[in-house]
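> Submitted below is the structure of interest, expressed as structure tokens.
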Ligand SMILES: C[S@@+](CC[C@H](N)C(=O)[O-])C[C@H]1O[C@@H](n2cnc3c(N)ncnc32)[C@H](O)[C@@H]1O
């Protein structure tokens with residue numbers, strides 16, 4: 004093997020595309036659409052050079068091998084994931100969370116005084132930081148939450164994104180979802196200007212932590228405790244139904260009874276048989292873990 008070549012262009016056959024796509028789906032759930040073939044060809048051409056191999060067959064062997072497998076798979080996945088995100092994305096749903104769901108949870112959790120939120124597939128961290136800001140902007144903060152243990156966890160399969168999230172330094176594009184006056188207010192309250200970027204203030208950072216995690220890794224979620232709210236937005240839309248079900252089962256097991264699952268506006272649980280209750284909160288449909296589980300009887304998968 005040699006790294007001497009600086010570039011190579013492979014002609015990805017349909018079979019090779021399908022094989023690579025299946026490896027990616029099996030590893031992280033993402034199913035690349037057929038029109039992704041040209042882009043994957045460019046990505047794989049670069050990866051072949053980096054790995055010092057000449058053919059896609061050799062590259063597939065590396066992906067399937069036991070030692071290098073996860074490292075190279077992660078690198079490949081990092082090249083094909085859509086990591087688009089920004090602060091206060093899908094604000095109508097966040098309003099529902101702040102105005103209806105959080106007050107209900109605070110009332111219910113009064114005795115234990117702890118609230119835990121998980122942004123699953125958090126990319127560069129805008130979503131989990133938004134959740135911490137949302138809590139601190141709520142009237143509940145002054146009345147209750149500032150004395151509670153309130154934690155937000157952000158996880159993602161993309162290590163580059165997790166590194167960025169931990170840095171907590173954001174440029175203008177991360178604020179594109181906010182109207183001008185809102186943006187100024189949020190930046191003034193929660194960020195420190197650093198050149199032309201904005202660094203998240205410690206008052207927010209200290210409530211948020213980040214973890215590299217593949218949602219398909221069944222043991223991974225064992226690293227942290229029960230959650231009151233899980234946001235998994237704009238992630239599951241790239242997964243086939245079967246994989247979506249598996250991930251949703253993981254969320255169900257991880258949620259406290261009465262806890263909520265929030266998906267992206269173009270995602271829902273339609274077509275999946277789950278024990279979740281569907282609840283309309285303002286303009287949003289959200290999912291609640293019921294106190295007594297009904298529904299499918301695959302007890303082990305739903306953690307019953
Ligand atoms: C489009 S971004 C969504 C970010 C944020 N949730 C939002 O709505 O703004 C999707 C993220 O999901 C992550 N992702 C995809 N598959 C994943 C998996 N199997 N495990 C963990 N994260 C995954 C990607 O790396 C990417 O950062």
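In our numbering, the protein residues as written are 4 to 307. Where a beta carbon is used, it is the ideal one built from N, C-alpha and C, also for glycine.
1) Indicate the three-state DSSP secondary structure (helix, strand or coil) for residue 263 in the structure shown.
2) Of all the alpha helix (DSSP H) runs that stay within the bounds of the region 249–293, which reach a length of 4 or more residues?
3) Given this structure, state the Cα-to-Cα distance separating residue 287 from residue 103, to the nearest angstrom.
4) By how many angstroms is the C-alpha of residue 49 removed from the C-alpha of residue 6?
5) How close, in whole Å, do the beta carbons of residue 134 and residue 118 come, if the pair is a contact with beta carbons under 8 Å?
6) Is it the case that the region 28–38 contacts the region 239–258, given that we only count it when at least three CB pairs across the two stretches are under 8 Å?
7) Using a 10 Å radius around the Cβ and a threshold of 16 neighbouring Cβ atoms, would you call residue 4 buried or exposed?
8) Using beta carbons (cut-off 8 Å, strictly below), is residue 217 in contact with chain B?
9) Does residue 149 pass the burial test, meaning 16 or more other C-beta atoms within 10 Å, or should it be called exposed?
10) Please go through the same chain and pick out, in chain order, the residues whose beta-carbon is closer than 7 Å to the beta-carbon of residue 204, but skip the five residues on each side of it.
11) Helix or strand or just coil, what does DSSP make of residue 182?
12) Based on the DSSP output, what are the partners of residue 159 in its beta bridges?
13) Leaving out five residues before and five after residue 290 in sequence, what residues of the same chain have Cβ atoms less than 8 Å from its Cβ?
14) Among residues of its own chain, excluding the 5 on either side of residue 88, which ones have a beta-carbon nearer than 7 Å to its beta-carbon?
15) Please determine, among 35, 37, 39, 51, the residue with the shortest C-alpha to C-alpha distance to residue 10.
16) Is the region 93–102 close to the region 163–176, with three or more CB pairs under 8 Å?
17) For residue 153 and residue 210, what's the separation of their Cα atoms in angstroms?
18) Per DSSP, which one or two residues make a beta bridge with residue 233?
19) Mapping DSSP to helix, strand and coil, what is residue 42?
20) Can residue 159 be considered in contact with ligand 1, in the sense that its beta carbon sits closer than 7 Å to one or more heavy atoms?
21) For residue 164, is the beta carbon positioned less than 7 Å from some heavy atom of ligand 1?
22) Within 10 Å of its beta-carbon, does residue 216 have 16 or more other beta-carbons around it, so buried, or fewer, so exposed?
23) I believe residue 92 touches residue 180 by the beta-carbon criterion, under 8 Å. Please report the beta-carbon distance rounded to the nearest angstrom.
24) What residue range is occupied by the uninterrupted beta strand (DSSP E) comprising residue 201?
25) Return the chain-ordered list of same chain residues with a C-beta closer than 7 Å to the C-beta of residue 168, the five sequence neighbours on each side being excluded.
26) Is the beta carbon of residue 28 within less than 7 Å of some heavy atom of ligand 1?
27) Quick check: the Cα distance between residue 182 and residue 188, rounded to an integer number of angstroms?
28) Buried or exposed: which applies to residue 232, given that a residue is buried once 16 or more other Cβ atoms fall within 10 Å of its Cβ?
29) Would residue 105 and residue 155 qualify as a contact pair, given that the criterion is a beta-carbon distance under 8 Å?
30) Give me the Cα-Cα distance between residue 76 and residue 27, rounded to the nearest whole angstrom.
31) Spatial neighbours of residue 219 within its chain, please: CB distance less than 8 Å, with the 5 preceding and 5 following residues excluded, ordered by chain position.
On the basis of the supplied data:
1) DSSP places residue 263 within a strand segment (E or B) once states are collapsed to three.
2) Restricted to the region 249–293, not a single alpha helix (DSSP H) segment is unbroken, complete and at least 4 residues in length.
3) Approximately 11 Å between the Cα atoms of the pair.
4) The pLDDT assigned to residue 6 is 46, lower than 50, so where the model puts this residue is not dependable; a value taken from the coordinates is nonetheless given after this. Distance between residue 6 and residue 49, taken at the CA atoms: about 11 Å.
5) In fact, because the Cβ distance is near 10 Å, the residues do not count as touching under 8 Å.
6) The region 28–38 and the region 239–258 touch, with three or more beta-carbon pairs separated by less than 8 Å.
7) In this predicted model, residue 4 has a pLDDT of only 41, less than 50, meaning its place in the structure is not dependable; the value taken from the coordinates is given anyway. With fewer than 16 other Cβ atoms within 10 Å, it is exposed.
8) Absent from the structure is chain B; it holds one protein chain and no more.
9) When all chains shown are included, residue 149 counts as exposed.
10) If the five residues before and after residue 204 are omitted, its C-beta is found closer than 7 Å to the C-beta atoms of 193, 194, 195, all from its own chain and listed in chain order.
11) Coil at residue 182, not helix or strand.
12) 215, per the DSSP bridge assignment.
13) Excluding residues within five positions, the ones whose Cβ falls inside 8 Å are 263, 264, 265, 266, 272, 277, 279, 280, 281, 282.
14) Setting aside the 5 residues that flank it on each side, residue 88 is surrounded in the same chain by 126, 127, 129, 130, each with a C-beta closer than 7 Å to its C-beta; the list follows chain order.
15) Per the Cα distances, 51.
16) Judged by Cβ distances under 8 Å, the region 93–102 makes no contact with the region 163–176, as fewer than three pairs qualify.
17) Inter-residue distance for residue 153 and residue 210 is about 6 Å (C-alpha atoms, whole angstroms).
18) DSSP output for residue 233 lists 121, 264 as bridge partner(s).
19) Correct three-state label for residue 42: helix.
20) Residue 159 has its Cβ nearer than 7 Å to a heavy atom of ligand 1.
21) Relative to the non-hydrogen atoms of ligand 1, the Cβ of residue 164 comes within a distance shorter than 7 Å of at least one.
22) Taking all protein chains shown into account, residue 216 has 16 or more neighbouring C-beta atoms within 10 Å of its C-beta and is therefore buried.
23) Indeed, because the Cβ distance is near 5 Å, the residues count as touching under 8 Å.
24) In this chain, the beta strand (DSSP E) harbouring residue 201 covers 200–203.
25) Answer for residue 168: 125, 127, 128, 157, 213, listed in chain order.
26) Not under cutoff, so the answer is no.
27) The alpha-carbon atoms of residue 182 and residue 188 are separated by roughly 10 Å.
28) Only buried fits residue 232, as 16 or more other CB atoms lie within 10 angstroms of its CB.
29) No; because the gap between Cβ atoms is not below 8 Å, this pair is not in contact.
30) Inter-residue distance for residue 76 and residue 27 is about 8 Å (C-alpha atoms, whole angstroms).
31) Correct list, in chain order: 30, 31, 32, 246, 249, 250.
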